[in-house]
Each structure stands twice: as C-alpha cells, then as structure tokens.
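Participant:
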Amino acid sequence: MAILVLGGAGYIGSHTVYELIEAGRDVVVADNLLTGFREAVHPKARFYQLDIRDRGALDTLFQAEQIDGVIHFAASSQVGESMSNPLKYYDNNLYGTMVLLQAMTAHGVDKIVFSSTAATYGEPERVPILEDDRTVPTNCYGETKLSMERMMSWTSRAHGLRYVALRYFNACGAHPSGTIGEAHDPETHLIPLILQVPGGKREKISIFGDDYSTPDGTCIRDYIHVTDLAQAHILALDYLLHGGENNVFNLGNGVGFSVKQVIDVARKVTGHPIPAEICPRRAGDPAQLVASSEKAKSVLGWKPEYDSLETIVSSAWNWHKSHPNGYNT
Ligand code: UDP
Numbered sequence: 000m001a002i003l004v005l006g007g008a009g010y011i012g013s014h015t016v017y018e019l020i021e022a023g024r025d026v027v028v029a030d031n032l033l034t035g036f037r038e039a040v041h042p043k044a045r046f047y048q049l050d051i052r053d054r055g056a057l058d059t060l061f062q063a064e065q066i067d068g069v070i071h072f073a074a075s076s077q078v079g080e081s082m083s084n085p086l087k088y089y090d091n092n093l094y095g096t097m098v099l100l101q102a103m104t105a106h107g108v109d110k111i112v113f114s115s116t117a118a119t120y121g122e123p124e125r126v127p128i129l130e131d132d133r134t135v136p137t138n139c140y141g142e143t144k145l146s147m148e149r150m151m152s153w154t155s156r157a158h159g160l161r162y163v164a165l166r167y168f169n170a171c172g173a174h175p176s177g178t179i180g181e182a183h184d185p186e187t188h189l190i191p192l193i194l195q196v197p198g199g200k201r202e203k204i205s206i207f208g209d210d211y212s213t214p215d216g217t218c219i220r221d222y223i224h225v226t227d228l229a230q231a232h233i234l235a236l237d238y239l240l241h242g243g244e245n246n247v248f249n250l251g252n253g254v255g256f257s258v259k260q261v262i263d264v265a266r267k268v269t270g271h272p273i274p275a276e277i278c279p280r281r282a283g284d285p286a287q288l289v290a291s292s293e294k295a296k297s298v299l300g301w302k303p304e305y306d307s308l309e310t311i312v313s314s315a316w317n318w319h320k321s322h323p324n325g326y327n328t
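0 is the number of the first residue of the sequence shown in numbering that gives the first Met the number 0; add one for each residue after it.
#1: By DSSP, does Tyr-120 sit in helix, in strand, or in coil?
#2: Closest to Gly-7 by C-alpha separation, out of Arg-24, Ile-20 and Val-28, would be which residue?
#3: So, Phe-72 versus Val-26, is the Cβ gap smaller than 8 Å?
#4: With burial defined as no fewer than 16 other Cβ atoms inside 10 Å of the residue's Cβ, what is the status of Gln-62: buried or exposed?
#5: DSSP beta-bridge partners for Cys-46?
#6: Do the CB positions of Gly-68 and Leu-236 come within less than 8 Å of each other?
#7: Sort Lys-294, Leu-308 and Arg-281 by Cα distance to Lys-302 and report the nearest one.
#8: What three-state label does DSSP hand Lys-200 in the structure shown?
#9: Where DSSP assigns a beta bridge to His-224, which residues make up the other side?
#10: Mapping the DSSP letters down to three states, classify Phe-61 as helix, strand or coil.
#11: Is any heavy atom in ligand 1 found nearer than 7 Å to the beta carbon of Val-258?
#12: So who's on the other strand from Ala-275, going by DSSP bridges?
#13: Start and end of the alpha helix (DSSP H) containing His-14?
#14: Using alpha carbons as the reference points, say which of Ile-2, Pro-285, Ser-314 and Leu-33 lies closest to Asp-210.
#15: Run the CB neighbour count on Asp-215, radius 10 Å, all protein chains shown included, and call it buried at 16 or more, exposed below.
#16: On the DSSP letters alone, give me the boundaries of the beta strand (DSSP E) that His-71 sits inside.
#17: CB Tyr-238 to CB Val-289, shorter than 8 Å?
#18: Using the C-alpha atoms, what's the distance from Gly-325 back to Ala-157?
#19: What does the alpha-carbon distance come out to for the pair Asp-109 and Met-151?
#20: Put Ile-262 into one of helix, strand or coil per three-state DSSP.
#21: Just checking my contact of His-322 with Gly-180 at CB under 8 Å: how many whole Å lie between their CB atoms?
#22: Closer than 7 Å: is that where the CB of Arg-281 sits relative to any heavy atom of ligand 1?
#23: Going straight from the alpha carbon of Glu-38 to that of Asn-327, what length do you get?
#24: Going along the chain, which residues put their C-beta within less than 7 Å of some heavy atom in ligand 1?
#25: Suppose the cutoff is 7 Å on Cβ atoms and the five residues either side in sequence are ignored; what does the same chain contact list for Trp-316 look like?
#26: Near Ser-155, which residues of its chain fall below 7 Å by C-beta distance, leaving aside the five closest residues on each side in sequence?
#27: Taking a contact to mean a Cβ-Cβ separation below 8 Å, would you say Ala-282 touches Ile-206 in this structure?
#28: With a threshold of 16 other CB atoms inside 10 Å of the CB of Met-147, please say whether the residue is buried or exposed.
#29: Taking 8 Å as the cut-off, decide whether the C-beta atoms of Cys-171 and Val-225 are in contact.
#30: Within 10 angstroms of the Cβ of Arg-220, are there 16 or more other Cβ atoms? Answer buried if so, exposed if not.
#31: Taking just the CA atoms, how far does Thr-34 sit from Leu-49?
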C-alpha cells in the first residue's frame, strides 16, 4: 500500500516525500510541474505528471496504484497573486480539490491530509491563534483554503471521507542535506527574497508596510521549518490510519518575528548588510499571525525541532548559496 503525495514536486511536498521515504514508506508522487520541479522528487518515489483537475489522469493513477492515504499539497499559494487573480485560486485550489475528492470517493480512498493555512483566520481576534478561533480570511488564497476545509467536511458527512487540515504558518528553511529547498518562480516569500540580496541577485529587500499596529510597524509572522512541517504530515497521516477523527491543526513555532527582525537575523547569518526599503503595504496582509500549536503537540505528538529563527535562516542560506538559480543550477 502506498501514500499518494499530490504536489510532491513543490516546496513542502518534496520535503514531506523525503521524510516519508526516510521512514520507509512506499510513495507515489503526482504533480503537474507548473510550479514544482522534477528534480525535487525523491528518486525512490514513483512519479506521475498530472493535474488534479484531470479526472481521467487521476482515475488511471488510482487504478494503477494501491493508495492507502493521500497527502494533498497541489494548490496555488501566493497571497498577492490571489488578490489580483482570484479565479485562478478557485480553479486550481477549489475545483482541483473537488475533482480529487470525486476521484477518491469513486476509488474508495478515504483518508486525506492537506495543506491549509494561517490565512484562513484573517485578522486574528487574539494571538497566539487557536484552531477554533474566528476564520474570516482577508485574502482569496485563505478563502479558498477555508472552502477546501469545508468541502472536506461535507464530503466526510456524505461519503465517510476522513481528513486532517494542517494550517501552516510561514514555511521556510531547507532540507539539512542541501539537496532540496525553496524554489519559486517568481519568488514572493520573504526569507528567499531577503537571501537574494547576499546571493547577488537583488540589491535590496522591500518591506511591505511599516505602519501596522505592531511594535516596529512591520508585519509579524510565525516562521516554521519545512522539515518540521513534513514530520507533522506523517504524524497526521498515521493518526488517520489509526482511526483518528477529522481534525484541524495549526503548525507554527508559537513565536512571532517582524519583517525587520527577520532581515536582522539574515544580516547576522550571512554577514551581509542587506539594504532594506520601506514600500507600501501588500494587499491582503494581516498585521500579525502567530500560532498556538499545542493541539498538534498533544494530539499528534508533534515536536518541532527547529525552534530558532537563526537555524532556520541558516538552513535556507545553505540551500540558496549552493543553488542560486534553484533547481536550474
Ligand atoms: N514581505 C515583505 N517583503 C517582501 C515579501 C514579503 O515585507 O518582499 C512581508 C509580507 O508582507 C508578510 C511577510 O513578509 O508580512 C511574510 O510574507 P510571505 O509572502 O513570505 O508569507 P505570507 O505571510 O504571505 O504567507
């Protein structure tokens, strides 16, 4: 019996596949390679190039493989793009998930762990955020992820599907081996963009707004290492395989860092002055997102290992230094 990882050529997906293979699991990866990279797929995983919106391709895969459970990363994930092109997010994230659930239901595959996001909360009522806090997304990306959660819930009632939604805070860092890491084109995430400055690909980093109601005026986020996220997916899958009920978990370190603080840590790690420039706010950004992950720790037994931002940024720097053009080098 195999685990199917959809979006397993992407950033968090590829790291999860590495951890699954390391744990001795049989892994099938499917990815349309629009934003993922074939080179990021672990050589021991069986690979299918397909789009989850293609029902025929999913049927072929489910007929060819004995799938025990699905881990679903295949989605668009940029806040800014979701505001300028919301229908792309409805198509890829919601329609794609609908087709996937139809195929899973038809083939009797009833367990799924999937990427949700801190963006489901919108502007939080309190920090740290708990899973049953109010969810009012301020961007279309978060809206589609919340709708995916609800689609799972209704499908569960009707067809017995069991699911775990993992609400990630800010994924960052790279595999300790240096073989895989974060590579987006175009890059929009803070830490890789900062590291492009010491990497010689960018002159300065833009700070999107310094007039938020935070101590230094810049947005606060909870940065969590990708390998810790990957481990949480395996724990969540095993929880479902052992009969666990539908659930939602936050995944973060529980500590918030401002954009300015992250830039300072990167200056220390790289030894580069990293010039920064204050720019207008980016549409859809809440001021502050920090997780309470106590539920994932107590229910799943999750123990994040990378709790220092310096270690996280160092692992990202290790990858970017050796792969200045991502997988194209
Ligand atoms: N950010 C920034 N400059 C950049 C990219 C991001 O100031 O060039 C800020 C962004 O506004 C947000 C934080 O950094 O407050 C993290 O953004 P990212 O896109 O990495 O993750 P998100 O929180 O959107 O998932």
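Quick reminder that beta carbons are idealized off the backbone N, C-alpha and C, glycines included. Here the structure is a predicted model, which means the values were calculated and not measured.
Facilitator: Let me spell this out:
#1: DSSP, reduced to helix, strand and coil, places Tyr-120 outside both helices and strands of the structure shown, so it counts as coil.
#2: The candidate whose alpha carbon is nearest that of Gly-7 is Val-28.
#3: Taking 8 Å as the Cβ cut-off, Phe-72 and Val-26 do not qualify as a contacting pair.
#4: Label assigned to Gln-62: exposed.
#5: Note on residue identity: the sequence assigns Phe, not Cys, to residue 46. Answer is Val-28, bridged to Phe-46.
#6: Yes, they are a contact pair.
#7: Comparing alpha-carbon positions, the option among Lys-294, Leu-308 and Arg-281 lying closest to Lys-302 turns out to be Lys-294.
#8: Looking at Lys-200 - three-state DSSP - the assignment turns out to be coil, as it is neither helix nor strand.
#9: Residue pairing by DSSP places His-224 opposite Cys-171 in a beta bridge.
#10: When secondary structure is reduced to three states using DSSP, Phe-61 falls in the helix class.
#11: Look at Val-258: its beta carbon is less than 7 Å from one of the heavy atoms in ligand 1.
#12: DSSP output for Ala-275 lists Ile-204 as bridge partner(s).
#13: Counting along the chain, the alpha helix (DSSP H) containing His-14 begins and ends at 10-21.
#14: Considering only alpha carbons, the answer is Pro-285.
#15: So Asp-215 ends up on the exposed side.
#16: Per DSSP, the unbroken beta strand (DSSP E) holding His-71 starts and ends at 66-71.
#17: No. Outside cutoff.
#18: Taken atom to atom, the span from the alpha-carbon of Ala-157 to that of Gly-325 is near 43 Å.
#19: Looking at the two C-alpha atoms, the distance is approximately 11 Å.
#20: Shown here, Ile-262 sits in a helix according to DSSP, grouped into three states.
#21: About 6 Å; that satisfies the 8 Å criterion.
#22: Yes, the Cβ of Arg-281 comes within 7 Å of a heavy atom of ligand 1.
#23: For the pair Glu-38 and Asn-327, the Cα-to-Cα distance works out to about 9 Å.
#24: Ordered along the chain, residues surrounding ligand 1 are Val-78, Ala-118, Asn-169, Thr-187, His-188, Leu-189, Ile-190, Leu-192, Ile-204, Ser-205, Ile-206, Phe-207, Gly-208, Thr-217, Cys-218, Arg-220, Val-258, Arg-281, Asp-284 and Leu-288 [Cβ under 7 Å from any heavy atom].
#25: Taking Trp-316 as the centre and dropping the five residues before and after it, the same chain places the C-beta of Leu-194, Val-268 and Thr-269 closer than 7 Å to its C-beta, in chain order.
#26: Only Arg-161, Tyr-162 and Asn-245 meet the Cβ criterion.
#27: Not in contact: Ala-282 and Ile-206 (Cβ atoms no closer than 8 Å).
#28: Only buried fits Met-147, as 16 or more other CB atoms lie within 10 angstroms of its CB.
#29: Taking 8 Å as the Cβ cut-off, Cys-171 and Val-225 qualify as a contacting pair.
#30: Per the 10 Å Cβ criterion, buried.
#31: Going by the C-alpha atoms only, they are around 13 Å apart.
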